[in-house]
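So the structure is just underneath, and the comments pick up after that.
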Amino acid sequence: MPTVPAILGFGAIAIDDIVYVDQPLSAGKGKVLQSARAFGGNVATALAAVVRLGGTAGYIGWLGSAADDAVLRDLVASGVETVFAPRHPDARPVRSRITVGSDGERFIAYDDDAMLGTAPDFPDDILSRATVLIVDSYAIRSLDVVARARDLGLAILGDIEWSSGPATERLIALCDHLILPLGFARTATGCRSPSEMLDALWLPSRSAVVLTDGGRGVYYRGREETGLWRLPPHRVVVVDSTGAGDCFHGAYAHALTRGADTAGRVAFAAAAAALSITGRGGREALPTDDQVTELLASTNAPSAVELKKTHVNTGT
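No gaps in the numbering here: position 214 of the sequence shown is 214 in the UniProt record's numbering, and each next residue is one more.
Here it is as structure tokens:
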């Protein structure tokens, strides 16, 4: 049997049809500059980022059973192990149409009527030989597998962007490394300030809570550190922000397997994500470890600053 990679994941895997236009999305319309088709998806791109950084990663969600399946070929070409993934003839990727404005911002229209999650009887023997499991919002379809992985000692890294009610609440509770977009954290907690959100999402079982806010930086709280922290963004030329969050998750997981503390994991992931938006699509500019190290060592690299706790009256 092949060696089980350090980082496993299951969740969204997508084929993206991307259109680049000459105006920001706020303009309402613009001229098409370029069209492209690319492979994406939260977990698939995160795992590709791990491999690009020098780590080992395996996709364990449902894949089509055909040997020439396009998604399968892409994962293999990206260096992601697929031998442990369950197969089903009805499995297909999420299909997305993405419009990218001149400022790098994008709008994603997706069809997720697909077979997501993983096999309910996915073997403990494979899970137990990994270190990290990356899951996204679709993991609500395989909560028992996530729970078993947590019981087996894996770090559960959650990339949660939307809620499906109690199932999502259970998934969030299972994640000891919870990495959310700030907008979803606001919706999930009902809080308005990042410090309130970090506190509301914290549990004694957590190792870290991280809130990503695009070009405005990252907020985090970790078990190793005291206080709440904000890491300002790196200043890079934005070409396309597609997949930046996915790259962040993959880089964070890779740093976790190397023993970095929360501050180190967040700094490494933020630098990787910043480099990823300097190219088109979610995969073109995935960085190497050397590129991330170089950016972190640059004179303009941001330093984390401690957040003051604020209590905002929401009027409720």
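Built from N, CA and C at the ideal position, the CB exists for glycine as well. Quick caveat: nothing in here was measured; it's all calculated off a predicted structure.
- Taken through DSSP and simplified to helix, strand or coil, Glu306 comes out as strand.
- Here Asp17 really is in contact with Arg97; their C-beta atoms are around 5 angstroms apart, less than 8 angstroms.
- Here Val43 is near Gly11, since their CB atoms are less than 8 angstroms apart.
- Under the three-pair Cβ rule at 8 angstroms, the segment 218-226 counts as touching the segment 250-263.
- Excluding residues up to 5 positions away in sequence, Gly58, Tyr59, Leu63, Leu72, Leu75 and Val76 lie with their Cβ nearer than 8 angstroms to the Cβ of Thr82 in the same chain.
- Excluding residues up to 5 positions away in sequence, Ile140 lie with their Cβ nearer than 6 angstroms to the Cβ of Ala167 in the same chain.
- The beta-carbon separation of Val80 and Leu133, rounded to 14 angstroms, does not stay under the 8 angstroms limit for a contact.
- Around the C-beta of Arg235, fewer than 16 other C-beta atoms lie within 10 Å, and the residue is accordingly described as exposed.
- As computed with DSSP, Val100 is found in a beta bridge with Tyr20 and Arg106.
- With a 10 Å radius around the Cβ and a threshold of 16 neighbouring Cβ atoms, Arg283 comes out buried.
- By the beta-carbon neighbour count (other beta carbons within 10 angstroms, threshold 16), Val32 is exposed.
- In chain order, Val83 place their CB closer than 6 angstroms to the CB of Pro2, counting only its own chain and leaving out the 5 sequence neighbours on each side.
- Counting every other CB atom within 10 Å of its CB across the protein chains shown gives Ala14 a total of 16 or more, marking it as buried.
- Exposure of Ser303 is indicated by the presence of fewer than 16 other C-beta atoms within 10 angstroms of its C-beta.
- Here the segment 165-182 lies against the segment 202-213, with 3 or more beta-carbon pairs under 8 angstroms apart.
- The shortest CA-to-CA distance from Asp144 to any of Leu127, Thr226 and Asp159 is the one to Leu127.
- Here Thr299 is exposed: its Cβ has fewer than 16 other Cβ atoms, across all protein chains shown, within 10 Å.
- Here the alpha carbon of Asp111 sits roughly 25 angstroms from the alpha carbon of Ser102.
- Every beta strand (DSSP E) of 3 residues or more that sits fully in the segment 64-148 is shown, in chain order, as 94-100, 106-111 and 132-136.
- Contact between Arg230 and Leu307 holds, since their C-beta atoms are separated by about 5 angstroms, short of 8 angstroms.
- Apart from the 5 residues on each side of it in sequence, Leu152 sits with its Cβ closer than 8 angstroms to the Cβ of Asp124, Leu127 and Ser128 in its chain, given in chain order.
- For the set Val238, Tyr252, Ser137 and Gly190, the Cα lying nearest the Cα of Ser164 is the one of Ser137.
- Secondary-structure assignment with DSSP links Gly58 through a beta bridge to Leu8 and Glu81.
- Ranked by how close their Cα comes to the Cα of Leu182, the residues Glu169, Leu201 and Leu171 have Leu201 in first place.
- The continuous beta strand (DSSP E) containing Leu211 extends over residues Ala208 to Thr212.
- In this structure, Gly61 lies near Ala85, with their beta-carbon atoms less than 8 angstroms apart.
- Just so you know, the alpha carbons of Asp113 and His88 end up roughly 15 angstroms apart.
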